(Lines of atoms letter the chains of each structure in order from A and count residues from 1; the text may use other names and numbers.)
(Lines give C-alpha, C1' and ligand atoms only; values in the text may rest on other atoms or scores of the structure.)
Protein backbone atom coordinates (compact mmCIF):
# COMPACT_ATOMS: atom_id res chain seq x y z
CA UNK A 1 0.00 0.00 0.00
CA UNK A 2 1.38 3.41 -1.03
CA UNK A 3 2.27 5.80 1.80
CA UNK A 4 -0.58 8.36 2.15
CA UNK A 5 0.05 12.11 2.00
CA UNK A 6 -0.51 14.33 5.04
CA UNK A 7 -3.96 15.32 3.76
CA UNK A 8 -4.92 11.73 3.00
CA UNK A 9 -3.67 10.63 6.39
CA UNK A 10 -5.96 13.19 8.03
CA UNK A 11 -8.90 11.83 6.03
CA UNK A 12 -7.99 8.28 7.02
CA UNK A 13 -7.88 9.31 10.68
CA UNK A 14 -11.37 10.75 10.27
CA UNK A 15 -12.62 7.47 8.76
CA UNK A 16 -11.18 5.47 11.65
CA UNK A 17 -12.53 7.91 14.25
CA UNK A 18 -16.06 7.78 12.84
CA UNK A 19 -16.03 3.99 12.96
CA UNK A 20 -14.69 3.99 16.52
CA UNK A 21 -17.58 6.27 17.53
CA UNK A 22 -20.02 3.89 15.81
CA UNK A 23 -18.54 0.97 17.76
CA UNK A 24 -18.97 2.85 21.02
CA UNK A 25 -22.61 3.60 20.19
CA UNK A 26 -23.44 -0.04 19.42
CA UNK A 27 -21.37 -1.44 22.30
CA UNK A 28 -23.21 0.82 24.75
CA UNK A 29 -26.58 -0.25 23.33
CA UNK A 30 -25.68 -3.95 23.55
CA UNK A 31 -24.54 -3.61 27.17
CA UNK A 32 -27.78 -1.83 28.10
CA UNK A 33 -29.90 -4.48 26.36
CA UNK A 34 -27.94 -7.24 28.06
CA UNK A 35 -28.26 -5.73 31.53
CA UNK A 36 -31.98 -5.06 31.06
CA UNK A 37 -32.54 -8.64 29.87
CA UNK A 38 -30.63 -9.90 32.92
CA UNK A 39 -32.79 -7.75 35.20
CA UNK A 40 -36.10 -8.85 33.67
CA UNK A 41 -35.39 -12.52 32.95
CA UNK A 42 -32.53 -13.27 35.38
CA UNK A 43 -30.56 -14.51 32.40
CA UNK A 44 -27.66 -13.13 30.40
CA UNK A 45 -27.89 -13.90 26.63
CA UNK A 46 -24.52 -12.31 25.78
CA UNK A 47 -21.52 -14.10 27.23
CA UNK A 48 -18.87 -11.86 25.73
CA UNK A 49 -18.50 -8.81 23.45
CA UNK A 50 -15.40 -8.14 21.38
CA UNK A 51 -15.04 -5.16 19.06
CA UNK A 52 -12.42 -3.91 16.65
CA UNK A 53 -11.77 -1.34 13.92
CA UNK A 54 -9.99 -2.80 10.89
CA UNK A 55 -6.40 -1.70 10.38
CA UNK A 56 -5.51 0.55 7.48
CA UNK A 57 -3.62 -2.37 5.92
CA UNK A 58 -6.70 -4.64 6.10
CA UNK A 59 -8.92 -1.95 4.59
CA UNK A 60 -6.40 -1.44 1.78
CA UNK A 61 -6.25 -5.19 1.08
CA UNK A 62 -10.05 -5.36 0.86
CA UNK A 63 -10.20 -2.43 -1.56
CA UNK A 64 -7.48 -4.02 -3.70
CA UNK A 65 -9.50 -7.25 -3.78
CA UNK A 66 -12.44 -5.22 -5.12
CA UNK A 67 -10.11 -3.60 -7.72
CA UNK A 68 -10.71 -0.17 -6.19
CA UNK A 69 -8.30 2.67 -5.45
CA UNK A 70 -7.21 2.78 -1.83
CA UNK A 71 -8.80 6.05 -0.74
CA UNK A 72 -10.74 7.10 2.38
CA UNK A 73 -13.77 7.81 0.18
CA UNK A 74 -13.77 4.27 -1.25
CA UNK A 75 -13.29 2.84 2.23
CA UNK A 76 -16.40 4.63 3.48
CA UNK A 77 -18.42 3.67 0.42
CA UNK A 78 -17.33 0.09 -0.25
CA UNK A 79 -15.92 -1.45 2.95
CA UNK A 80 -18.84 -2.03 5.30
CA UNK A 81 -17.11 -4.06 8.01
CA UNK A 82 -14.46 -1.55 9.11
CA UNK A 83 -16.20 -1.51 12.50
CA UNK A 84 -17.00 -4.98 13.79
CA UNK A 85 -18.45 -6.52 16.94
CA UNK A 86 -18.48 -10.21 17.82
CA UNK A 87 -21.02 -11.44 20.34
CA UNK A 88 -20.64 -14.90 21.84
CA UNK A 89 -23.52 -16.56 23.64
CA UNK A 90 -24.33 -19.92 25.23
CA UNK A 91 -27.11 -21.28 23.05
CA UNK A 92 -28.23 -21.07 19.42
CA UNK A 93 -31.57 -19.67 20.60
CA UNK A 94 -29.65 -16.72 22.10
CA UNK A 95 -28.32 -15.82 18.65
CA UNK A 96 -31.80 -15.22 17.25
CA UNK A 97 -32.99 -13.60 20.49
CA UNK A 98 -30.22 -11.01 20.22
CA UNK A 99 -31.11 -10.48 16.55
CA UNK A 100 -34.71 -9.76 17.55
CA UNK A 101 -33.59 -7.35 20.27
CA UNK A 102 -31.46 -5.38 17.79
CA UNK A 103 -34.18 -5.41 15.11
CA UNK A 104 -36.54 -3.80 17.64
CA UNK A 105 -34.33 -0.75 18.20
CA UNK A 106 -35.50 2.49 16.57
CA UNK A 107 -32.00 3.88 16.09
CA UNK A 108 -30.46 0.78 14.50
CA UNK A 109 -31.27 -0.26 10.94
CA UNK A 110 -30.35 -3.80 9.91
CA UNK A 111 -29.27 -3.51 6.28
CA UNK A 112 -28.31 -7.13 5.63
CA UNK A 113 -28.52 -10.52 7.32
CA UNK A 114 -26.30 -13.49 6.46
CA UNK A 115 -27.53 -16.56 8.33
CA UNK A 116 -24.69 -19.07 8.42
CA UNK A 117 -26.32 -20.74 11.44
CA UNK A 118 -29.29 -22.12 9.52
CA UNK A 119 -27.22 -22.40 6.32
CA UNK A 120 -23.57 -23.08 7.26
CA UNK A 121 -20.74 -22.41 4.82
CA UNK A 122 -19.37 -25.48 2.99
CA UNK A 123 -16.37 -25.63 5.35
CA UNK A 124 -18.70 -25.86 8.38
CA UNK A 125 -18.52 -22.21 9.51
CA UNK A 126 -21.60 -21.11 11.45
CA UNK A 127 -22.48 -17.60 12.64
CA UNK A 128 -25.12 -14.90 12.15
CA UNK A 129 -23.81 -11.76 10.43
CA UNK A 130 -25.76 -8.51 10.68
CA UNK A 131 -24.78 -5.38 8.81
CA UNK A 132 -26.23 -2.53 10.85
CA UNK A 133 -26.48 1.20 10.30
CA UNK A 134 -26.29 3.48 13.33
CA UNK A 135 -26.30 7.30 13.60
CA UNK A 136 -23.48 9.05 15.42
CA UNK A 137 -23.89 12.63 16.57
CA UNK A 138 -20.97 15.03 16.19
CA UNK A 139 -20.54 18.68 17.14
CA UNK A 140 -21.94 20.05 13.88
CA UNK A 141 -23.61 17.11 12.14
CA UNK A 142 -24.72 13.50 12.37
CA UNK A 143 -23.40 10.63 10.30
CA UNK A 144 -24.85 7.19 9.56
CA UNK A 145 -22.18 4.52 9.93
CA UNK A 146 -22.18 0.78 9.31
CA UNK A 147 -21.14 -1.80 11.89
CA UNK A 148 -20.95 -5.53 11.24
CA UNK A 149 -22.17 -7.67 14.13
CA UNK A 150 -21.33 -11.37 14.24
CA UNK A 151 -23.31 -13.49 16.70
CA UNK A 152 -22.30 -17.06 17.50
CA UNK A 153 -22.21 -19.57 20.32
CA UNK A 154 -19.06 -20.15 22.37
CA UNK A 155 -18.68 -23.52 20.60
CA UNK A 156 -18.99 -21.91 17.14
CA UNK A 157 -16.45 -19.27 18.13
CA UNK A 158 -14.00 -21.93 19.33
CA UNK A 159 -14.25 -23.75 15.97
CA UNK A 160 -13.95 -20.54 13.92
CA UNK A 161 -10.88 -19.41 15.86
CA UNK A 162 -9.04 -22.71 15.33
CA UNK A 163 -10.11 -22.91 11.68
CA UNK A 164 -8.65 -19.43 11.10
CA UNK A 165 -5.35 -20.39 12.75
CA UNK A 166 -5.05 -23.59 10.72
CA UNK A 167 -5.75 -21.84 7.40
CA UNK A 168 -3.31 -19.07 8.32
CA UNK A 169 -0.56 -21.67 8.82
CA UNK A 170 -1.31 -23.22 5.44
CA UNK A 171 -1.70 -19.78 3.79
CA UNK A 172 -5.36 -20.50 2.89
CA UNK A 173 -4.50 -23.82 1.18
CA UNK A 174 -5.10 -26.57 3.72
CA UNK A 175 -4.80 -30.23 2.59
CA UNK A 176 -8.09 -31.88 1.58
CA UNK A 177 -7.83 -34.36 4.46
CA UNK A 178 -7.55 -31.51 6.94
CA UNK A 179 -10.54 -29.72 5.35
CA UNK A 180 -12.65 -32.87 5.89
CA UNK A 181 -11.48 -33.08 9.50
CA UNK A 182 -12.56 -29.48 10.04
CA UNK A 183 -15.97 -30.26 8.54
CA UNK A 184 -16.31 -33.25 10.89
CA UNK A 185 -15.34 -31.02 13.82
CA UNK A 186 -18.01 -28.51 12.75
CA UNK A 187 -20.64 -31.27 12.82
CA UNK A 188 -19.51 -32.23 16.33
CA UNK A 189 -19.79 -28.57 17.38
CA UNK A 190 -23.33 -28.43 15.97
CA UNK A 191 -24.26 -31.58 17.90
CA UNK A 192 -22.73 -30.10 21.07
CA UNK A 193 -24.79 -26.90 20.68
CA UNK A 194 -27.96 -28.99 20.28
CA UNK A 195 -27.04 -31.16 23.28
CA UNK A 196 -26.39 -28.17 25.56
CA UNK A 197 -29.65 -26.50 24.48
CA UNK A 198 -31.60 -29.68 25.28
CA UNK A 199 -29.94 -29.87 28.70
CA UNK A 200 -30.78 -26.23 29.36
CA UNK A 201 -34.40 -26.79 28.32
CA UNK A 202 -34.63 -29.74 30.73
CA UNK A 203 -33.25 -27.64 33.58
CA UNK A 204 -35.73 -24.84 32.82
CA UNK A 205 -38.60 -27.35 32.79
CA UNK A 206 -37.44 -28.85 36.08
CA UNK A 207 -37.32 -25.39 37.72
CA UNK A 208 -40.82 -24.54 36.46
CA UNK A 209 -42.22 -27.79 37.86
CA UNK A 210 -40.61 -27.15 41.26
CA UNK A 211 -42.09 -23.64 41.37
CA UNK A 212 -45.65 -24.94 40.90
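Numbering (our numbering), first residue to last: 817 to 1028. Positions of the beta carbon are idealized from the N, C-alpha and C atoms, including for glycine. Bear in mind the structure is a predicted one, so any value in this text is a computation, not a measurement.
Sequence-distant residues of its chain with Cβ nearer than 8 Å to residue 883 (five each side left out): For the purposes of this step, residue 883 is taken as the residue at position 67 of the chain shown. Contacts found: none.
Of the residues 877, 947 and 914, the one placed nearest residue 928, counting alpha carbons only: Taking the first residue of the chain shown as 1, we reach residue 928 at position 112. Closest by alpha carbon: 947.
Inter-residue CB distance, residue 867 and residue 900 (contact presumed, cutoff 8 Å): Here residue 867 is taken as the residue at index 51 of the chain shown, counted from 1. Here residue 900 is taken as the residue at index 84 of the chain shown, counted from 1. Indeed they touch by this definition, with Cβ atoms about 7 Å apart.
Unbroken alpha helix (DSSP H) run spanning residue 888, endpoints: One-based indexing of the chain shown puts residue 888 at position 72. That run of the alpha helix (DSSP H) goes 888-894.
Touch test, the stretch 982-997 against the stretch 947-966, Cβ-Cβ under 8 Å, three pairs minimum: no
Beta strand (DSSP E) segments (min. 3 residues) lying fully within the stretch 915-970: 925-931, 944-953 and 958-969
C-alpha gap between residue 979 and residue 940, whole angstroms: Position 163 of the chain shown, counting from 1, holds the residue named residue 979. Position 124 of the chain shown, counting from 1, holds the residue named residue 940. Distance between the alpha carbons of residue 979 and residue 940 is about 10 Å.
Residue 966 burial status per 10 Å Cβ neighbour count (16 or more: buried): Reading the chain shown from its first residue, position 150 is the one you call residue 966. So residue 966 ends up on the buried side.
Nearest-angstrom beta carbon gap, residue 908 and residue 933 [assumed within contact, 8 Å]: Translated into positions along the chain shown, residue 933 becomes position 117. Translated into positions along the chain shown, residue 908 becomes position 92. Indeed they touch by this definition, with Cβ atoms about 6 Å apart.
Beta-carbon contacts of residue 942 that lie in its chain and below 6 Å, excluding the five residues immediately before and after: As a working note, residue 942 is residue 126 in the chain shown. Answer for residue 942: 932, 933, 936 and 972, listed in chain order.
Simplified DSSP state of residue 978, which is helix, strand or coil: Here residue 978 corresponds to residue number 162 of the chain shown, with the count starting at 1. It is helical.
Neighbour-count burial assignment, residue 964, 16 or more Cβ in a 10 Å radius: The count along the chain shown starts at 1 and reaches residue 964 at position 148. Looking at its Cβ environment, which holds 16 or more other Cβ atoms inside 10 Å, residue 964 is buried.
Where residue 899 sits in the DSSP three-state scheme: Residue numbering aside, residue 899 sits at position 83 when the chain shown is read from its first letter. In the structure shown, residue 899 sits in a strand (DSSP, three-state: E or B).
Boundaries (first-last residue) of the alpha helix (DSSP H) holding residue 874: The sequence position of residue 874 within the chain shown is 58, counting from 1. Secondary structure note for residue 874: its alpha helix (DSSP H) is the uninterrupted segment 872-881.
Residue 839 burial status per 10 Å Cβ neighbour count (16 or more: buried): Position 23 of the chain shown holds residue 839. Classification for residue 839: buried.
Bridge partner(s) assigned by DSSP for residue 864: On the chain shown, residue 864 is found 48 positions in, with the first residue counted as 1. Note: residue 864 sits in a beta bridge opposite 904.
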